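A short worksheet on the structure shown next.
Protein chains: 2
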Amino acid sequence: MGPGAAAKYGAVAVIVRSLTSALDDYPHTGNTNYGNNPKIPAAAISTIAANKLSELLKSKVAQPVQFYLKDNCQMLPDVLSYNVVGEIKGTENNNKYITIGGHLDSWDLAEGAHDDGTGVMQSAEVLRIFKALSYKPKNNIRAVFFMNEENGHKGGTKYAELAAQNHENHIAAIETDEGGFTPRGFSFDGVNPALVQKVNVQWKKLLEPYEVDHLIPGGSGTDIEPLKSQVPSVILIGFRPDSQRYFDIHHTPNDIFENVNKRELELGAASIASLVYLIDQHGLSL
Amino acid sequence: MGPGAAAKYGAVAVIVRSLTSALDDYPHTGNTNYGNNPKIPAAAISTIAANKLSELLKSKVAQPVQFYLKDNCQMLPDVLSYNVVGEIKGTENNNKYITIGGHLDSWDLAEGAHDDGTGVMQSAEVLRIFKALSYKPKNNIRAVFFMNEENGHKGGTKYAELAAQNHENHIAAIETDEGGFTPRGFSFDGVNPALVQKVNVQWKKLLEPYEVDHLIPGGSGTDIEPLKSQVPSVILIGFRPDSQRYFDIHHTPNDIFENVNKRELELGAASIASLVYLIDQHGLSL
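Here the protein sequences line up with chains A and B, keeping their order. Numbering follows the numbering used here, with no gaps: position 52 of the first sequence is 51. Numbering follows the numbering used here, with no gaps: position 173 of the second sequence is 172.
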């Protein structure tokens, strides 16, 4: 929102220092929300470039500093695209659903490996694990690859609309969109604190040996959030991996396949599968 | 110990597949213990090379497979080297010590960045943090850079000998030698389970918001272990970071500075400093 705010005070363009604790040459992209302000050019530069610019501005020798900015960005019209949904049918509750999802779209400056290729693969992997174990869930288990998370989350909105329209009773929805790093736990979004307490009493001990035992109140994810208003009974859950490296990678040219660790990715999928199993077997209510 | 065991059965040399879950081209080094068996040549190859060799051995076309191994390894005589010790004097207990250590030596196929450059830097960083905060500890706080961990741990042995000789009463010794990754907790080595229980009751809540709250029984480290026999009152503690990537790096040409994440390294040092502060303030006994 910075560029819009700056425009109000007469700025002709805005340069943003990329938000990362790493000192590197990767500028970060992301959404710009101008509100009703003039749409002046806005660009993020890398932390190394920002330091250089800052030094130049402070230097006595380099004055006056000239900054040449040419910006070709534009918003193109929306085009038709789709969510992708895979499902294992439940053996007992044919109208109850547990959904696991990530998103298919990504910013175009990289592959979107962690944001959110890993989430998509983990969602699919939960179903693969259940098939490999010949586990027959009581409830329908869905892996959803959401479309358009980064640019308006129309996929998540449509999914929630259809869930309501088709009277699909979602017990829980889990989103994995914080990177494919070592799993640490799960956060429960806007639920009764007593439920978080109950989950801790019942399941923390089971997850502790794997160090995936941080079961806390917190956010879930952009794609599943629209379910909240459409399917009031749903419990929204965010998968929480180790986040320390995420913003060195997120929305940068550095978000590539080589920066995903296979073992960490698989541990995350196994953790989500474990939670889905527990919910499927024991439910998730007070 | 494999090569010695194989030699007993007539092996003329041994090739070991490197122990990692990564599929890469980095052979791992490490100690070989022949016991009283003939010292036949032994080498580790990378997982990619091991897969290739395995395929060749199974292939009908490639028979017979010839493997040419030339090994120049030799053990040179020991030379004089030193531990490095830094200390902040305690304000109350002038003969009580809390020691934090890592080791200076590393295998020569890489920089030893994670094994154990990060441990050495974290040990120094605990003292720097205390100085930066103007914290005056009650007890003497020592950072020890141990020598010769990889090849006989003579530095750790000598440190323990001198501690006993000088009647230094070590309350606790903490070793950081499992990589400079995101901190997860601490393991308490061979202590009364009631003490681990007490530490959890008193301190787990303080460490939980930072997710450094796994306070469990377990190992400590090679360098501080000799203290156990010399200073019976000492509590040995191992710093436990996220370990998932460690054996992709450990003892390989991949153990380089570029593979250390600055933020994760610093979080580890801050966690160790926090534990040292708690021990310094409240002691560590039943």
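Note that CB positions come from ideal geometry on N, CA and C, so glycine has one too. Just so it is clear, the structure is predicted and the values come from calculations on it, not from any experiment.
is_contact[residue i, chain B] using C-beta, thresh 8 Å
i: Ser-58(A); result: no
i: His-113(A); result: no
i: Asn-253(A); result: no
i: His-213(A); result: yes
i: Glu-210(A); result: yes
i: Thr-181(A); result: yes
i: Asn-288(A); result: Chain A is shown from 0 up to 285; residue 288(A) falls before or after that span and cannot be answered.
i: Glu-167(A); result: no
i: Glu-263(A); result: yes
C-beta neighbour in chain A for residue i, strict 8 Å
i: Leu-266(B); result: yes
i: Gln-243(B); result: yes
i: Ser-20(B); result: yes
i: Glu-257(B); result: no
Option nearest residue i by Cα separation, candidates the options
i: Ala-21(A); options: Ala-172(A), Lys-197(A), Asn-50(A), Leu-79(A); result: Asn-50(A)
i: Ala-48(B); options: Arg-16(B), Pro-63(B), Leu-56(B); result: Arg-16(B)
i: Asp-222(A); options: Val-211(A), Leu-235(A), His-213(A); result: Leu-235(A)
i: Phe-256(B); options: Phe-180(B), Ala-43(B), Met-74(B), Asn-35(B); result: Phe-180(B)
i: Thr-31(A); options: Ile-170(A), Leu-56(A), Ala-142(A), Gly-3(A); result: Gly-3(A)
i: Leu-266(A); options: Gly-184(A), Gln-164(A), Ser-45(A); result: Gly-184(A)
i: Ile-44(A); options: Ile-14(A), Lys-69(A), Cys-72(A), Leu-55(A); result: Ile-14(A)
i: Gly-189(A); options: Ala-162(A), Ala-268(A), Gly-220(A); result: Gly-220(A)
i: Ile-278(A); options: Leu-194(A), Glu-263(A), Lys-153(A); result: Leu-194(A)
i: Ala-162(B); options: Thr-98(B), Pro-76(B), Val-60(B), Asp-247(B); result: Thr-98(B)
i: Thr-33(A); options: Lys-197(A), Lys-59(A), Ala-10(A); result: This sequence places Tyr at residue 33(A); Thr is not what is there. Answer by Cα proximity: Ala-10(A).
i: Lys-227(A); options: Tyr-158(A), Asn-93(A), Phe-246(A), Glu-263(A); result: Tyr-158(A)
i: Met-120(B); options: Leu-206(B), Leu-264(B), Ala-5(B), Thr-46(B); result: Leu-264(B)
i: Gln-62(A); options: Leu-52(A), Asn-71(A), Asp-70(A); result: Leu-52(A)
Assigned exposure category for residue i - 16 Cβ within 10 Å defines buried
i: Gly-151(B); result: exposed
i: Glu-160(B); result: exposed
i: Lys-261(B); result: exposed
i: Pro-225(A); result: buried
i: Asp-254(A); result: buried
i: Lys-135(A); result: exposed
i: Pro-231(A); result: exposed
i: Gln-243(A); result: buried
i: His-281(A); result: exposed
i: Ser-122(A); result: buried
i: Val-200(B); result: exposed
i: Gly-155(A); result: buried
i: Glu-54(B); result: exposed
Pair within 8 Å by beta-carbon distance, residue i and residue j
i: His-287(B); j: Glu-210(A); result: Since the first residue of chain B shown is 0 and the last is 285, residue 287(B) is not available in this structure.
i: Gly-118(A); j: Asp-176(A); result: yes
i: Gly-100(A); j: Phe-66(A); result: no
i: Lys-130(A); j: Glu-91(A); result: no
i: His-166(B); j: Val-233(B); result: no
i: Arg-127(B); j: Tyr-96(B); result: no
i: Gly-237(A); j: Ser-270(A); result: no
i: Ala-143(B); j: Val-84(B); result: Strictly speaking, residue 143(B) in this sequence is Val, with Ala absent from that position. Taking 8 Å as the Cβ cut-off, Val-143(B) and Val-84(B) qualify as a contacting pair.
i: Gly-116(A); j: Glu-124(A); result: no
i: Thr-251(B); j: His-102(B); result: no
i: Pro-192(B); j: Pro-216(B); result: yes
i: Ser-105(A); j: Glu-149(A); result: yes
i: Leu-68(A); j: Pro-40(A); result: yes
i: Pro-37(A); j: Ala-12(A); result: no
Q. Which parts of the stretch 205-263 of chain B are runs of the beta strand (DSSP E), unbroken and 3 residues or longer, counting only runs that do not cross its ends?
A. Taking only runs of at least 3 residues, the beta strand (DSSP E) segments lying wholly in the stretch 205-263 of chain B are 213-216, 234-240.
(Q) What ranges does the beta strand (DSSP E) occupy inside the stretch 128-216 of chain B, keeping only unbroken runs of at least 3 residues that lie completely in it? (A) Qualifying beta strand (DSSP E) stretches, in chain order: 138-145, 168-174, 182-188, 213-216.
Q: Jot down the residue ranges of each uninterrupted beta strand (DSSP E) in the stretch 16-73 of chain B, minimum 3 residues, whole runs only, in chain order.
A: Considered as a whole, the stretch 16-73 of chain B harbours 41-44 as its complete beta strand (DSSP E) runs of no fewer than 3 residues, in chain order.
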